[in-house]
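J.: Let me begin by handing over the structure; questions about it come next.
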Amino acid sequence: MYDNRAIIKAVLFDLDNTLLDRDRGFTAFCKSLYHNNRIMCRTHTEEEAVKLITLFDSKSKRSRQVMLTELMKQWPKVFQNLSEAVEFYETNYPKMLILESSTKILLQDLRKWRVPSAIVTNGDVLLQTNKVRESGLNNLVDATVISEEVGAEKPDKEIFQKALSLINASPSSTLFVGDTPETDILGAKNIGMVSAWVHRNRDWPLNDSKPDYMLNHVSDVRSLILPHFGELNPQ
């Protein structure tokens, strides 16, 4: 690792498990679904149901259609059909994602010091847009770039380039912050950005291409950015 704080002039963020605690929100969604469905309550405890749905989610690689199909096999009468299940998920799950105060303050401070920022996320437009809107992130960043809309997913260069163009930033002076080594960190490094990995109590899993920074929490970006911009852009 090396100290790049003097050249960082913009920040791009991953969404799930970086700006928002996706895992905590998904657990909250599972619990809410459980307590609003007597069918599930009759056959499983809350803990058992949450573990099962989380397993379905993990095995499906977070494909909500596949996860919900497995859920409906387990509890056939919870939803009438897959379309109803998907609509319920896309509407209610984003409401369970809470923006932590430390993250909100970080983003507010970036705006205060005029540091451009954007979200770069893989996923479909409707669900990811709902997450950004329901959490209030849409009022705290300058742009949101979603893979379905761009037609390219991280780690492809195209999605990063789109975000950089929207905030008028160059790769060499932009920090990318994310939690997934392959898509976030390697993708960012491949285009020449400075990288920060939100490790979430994990060890770096790859033998090479280590991130420039390892962070306990996304709010730790403050120590890399704000002192420099505080000096350059006093209010």
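In case it helps, the working numbering puts the sequence shown at residues 12 to 246.
Here a beta-carbon is modelled for each residue, glycine too, at the ideal position from N, C-alpha and C.
Leaving out five residues on either side along the sequence, give the residues of the same chain with a beta carbon under 8 Å from the beta carbon of Val-61.
T.: Stepping through the sequence shown from its first residue, residue 61 is reached at position 50. If we look at Val-61 and ignore the five residues flanking it on each side, its Cβ neighbours are Thr-38, Cys-41, Lys-42, Tyr-45.
J.: Please confirm whether Leu-63 and Lys-115 have their CB atoms less than 8 Å apart.
T.: Counting from 1 along the sequence shown, the entry for residue 63 is found at position 52. Counting from 1 along the sequence shown, the entry for residue 115 is found at position 104. For Leu-63 and Lys-115, no; Cβs fall outside 8 Å.
J.: Given that a residue counts as buried once 16 or more other Cβ atoms are within 10 Å of its Cβ, and exposed if not, what is Ser-94?
T.: Taking the sequence shown and counting its residues from 1, the one referred to as residue 94 is at position 83. The residue in question, Ser-94, is exposed, as its Cβ has fewer than 16 Cβ neighbours within 10 Å.
J.: Between Leu-26 and Lys-142, how many whole angstroms is the CB-CB distance? I'm expecting something under 8 Å.
T.: Within the sequence shown, the letter at position 15 stands for residue 26. Within the sequence shown, the letter at position 131 stands for residue 142. That pair is a contact at about 7 Å.
J.: If distances are taken between C-alpha atoms only, which option among Glu-101, Ser-71, Lys-168 comes closest to Ile-196?
T.: Stepping through the sequence shown from its first residue, residue 196 is reached at position 185. The shortest C-alpha separation from Ile-196 is found at Lys-168.
J.: Kindly indicate the opening and closing residues of the alpha helix (DSSP H) around Ile-116.
T.: The residue labelled residue 116 in the question sits at position 105 within the sequence shown. From DSSP, the alpha helix (DSSP H) with Ile-116 extends over 112 to 123.
J.: Compute the Euclidean distance between the alpha carbons of Phe-187 and Leu-118, then round it to the nearest angstrom.
T.: The residue labelled residue 187 in the question sits at position 176 within the sequence shown. The residue labelled residue 118 in the question sits at position 107 within the sequence shown. Roughly 14 Å separates the two Cα atoms.
J.: From Ser-69, Asn-133, Leu-175, Pro-192, pick the residue whose C-alpha is nearest to that of Glu-160; which is it?
T.: Residue 160 sits at position 149 when you count from the first residue of the sequence shown. Of the candidates Ser-69, Asn-133, Leu-175, Pro-192, the one whose C-alpha sits nearest the C-alpha of Glu-160 is Asn-133.
J.: Where does Ser-206 fall in DSSP's three states?
T.: Sequence index remark: in the sequence shown, residue 206 carries index 195 (1-based). Strand at Ser-206.
J.: So, for Thr-155: in the same chain, excluding its five sequence neighbours on each side, which residues have a beta-carbon less than 6 Å away from its beta-carbon?
T.: Along the sequence shown, one-based indexing puts residue 155 at 144. So the list reads Ile-130, Val-143, once near-sequence residues are dropped.
J.: Out of curiosity, what's the CA-to-CA distance linking Phe-67 and Ile-178?
T.: Residue numbering aside, residue 67 sits at position 56 when the sequence shown is read from its first letter. Residue numbering aside, residue 178 sits at position 167 when the sequence shown is read from its first letter. Each residue's Cα considered, the two are about 37 Å apart.
J.: Under a three-way DSSP split, which group does Ser-146 fall into?
T.: The sequence position of residue 146 within the sequence shown is 135, counting from 1. In the structure shown, Ser-146 sits in a helix (DSSP, three-state: H, G or I).
J.: Going straight from the alpha carbon of Lys-72 to that of Met-78, what length do you get?
T.: Translated into the one-based positions of the sequence shown, residue 72 becomes position 61. Translated into the one-based positions of the sequence shown, residue 78 becomes position 67. Going from the Cα of Lys-72 to the Cα of Met-78 covers about 9 Å.
J.: Spatial neighbours of Thr-29 within its chain, please: CB distance less than 7 Å, with the 5 preceding and 5 following residues excluded, ordered by chain position.
T.: On the sequence shown, residue 29 is found 18 positions in, with the first residue counted as 1. For Thr-29, where only same-chain residues beyond five positions count, the Cβ hits under 7 Å are Val-188, Gly-189, Asp-190, Val-209, Val-229.
J.: Check whether the Cβ atoms of Ser-128 and Ile-18 lie closer than 8 Å to each other.
T.: Taking the first residue of the sequence shown as 1, we reach residue 128 at position 117. Taking the first residue of the sequence shown as 1, we reach residue 18 at position 7. Result no, Cβ atoms of Ser-128 and Ile-18 do not sit closer than 8 Å.
J.: Check each candidate in Leu-138, Thr-80, Phe-171 and name the one with the smallest Cα separation from Thr-194.
T.: For this step, residue 194 is matched to residue 183 along the sequence shown. When only C-alpha atoms are compared, the closest one is Phe-171.
J.: Look at the alpha carbon of Arg-49 and the alpha carbon of Lys-84, and state the distance between them as a whole number of angstroms.
T.: Counting from one through the sequence shown, the residue named residue 49 turns up at place 38. Counting from one through the sequence shown, the residue named residue 84 turns up at place 73. Between Arg-49 and Lys-84, the C-alpha separation is close to 16 Å.
J.: What does DSSP give as the partner residues of Thr-132 in its beta bridges?
T.: Start at 1 with the first residue of the sequence shown, and residue 132 comes out as number 121. According to DSSP, which records beta bridges pairwise, Thr-132 is partnered with Ile-157.
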